[in-house]
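Residue numbers (our numbering): 9 to 114.
Just so it is clear, CB atoms sit at the ideal spot from N, CA and C, and this is done for glycine as well.
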């Protein structure tokens with residue numbers, strides 16, 4: 009076992025999963041919103057469902073944006089795999105011998 013495998017296992021053990029990070033950040037944001045944005049006429053207990061409603065509304069509005077971005081990535085990849093586009097990309101990359109040329113071609 010190399011030293012890199014040891015570090016890889018260590019970081020895999022220490023770092024949380026992305027979903028865990030998302031849940032923790034959501035909880036922190038909800039708590040901050042509860043204490044920093046409460047209206048003067050509301051109680052903390054009555055304001056919690058309102059914050060949850062804002063989160064729910066924002067989540068479903070972002071879902072359409074997420075779907076659009078996913079379609080851009082998938083369809084762009086499919087387009088890049090078609091023979092004419094793949095041939096064009098292969099032809100253009102023959103001129104990219106340096107970084108400056110690659111930037112100019114792109």
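Cut-off 6 Å between Cβ atoms - residues of its own chain near residue i, not counting five sequence neighbours on either side
i          : result
residue 46 : 55
Proximity below 7 Å, CB of residue i to CB of residue j
i          : j           : result
residue 59 : residue 30  : no
residue 97 : residue 104 : no
Cut-off 7 Å between Cβ atoms - residues of its own chain near residue i, not counting five sequence neighbours on either side
i          : result
residue 87 : 93
residue 91 : none
Residue closest to residue i, alpha-carbon to alpha-carbon, out of the options
i          : options     : result
residue 39 : 111, 52, 48 : 52
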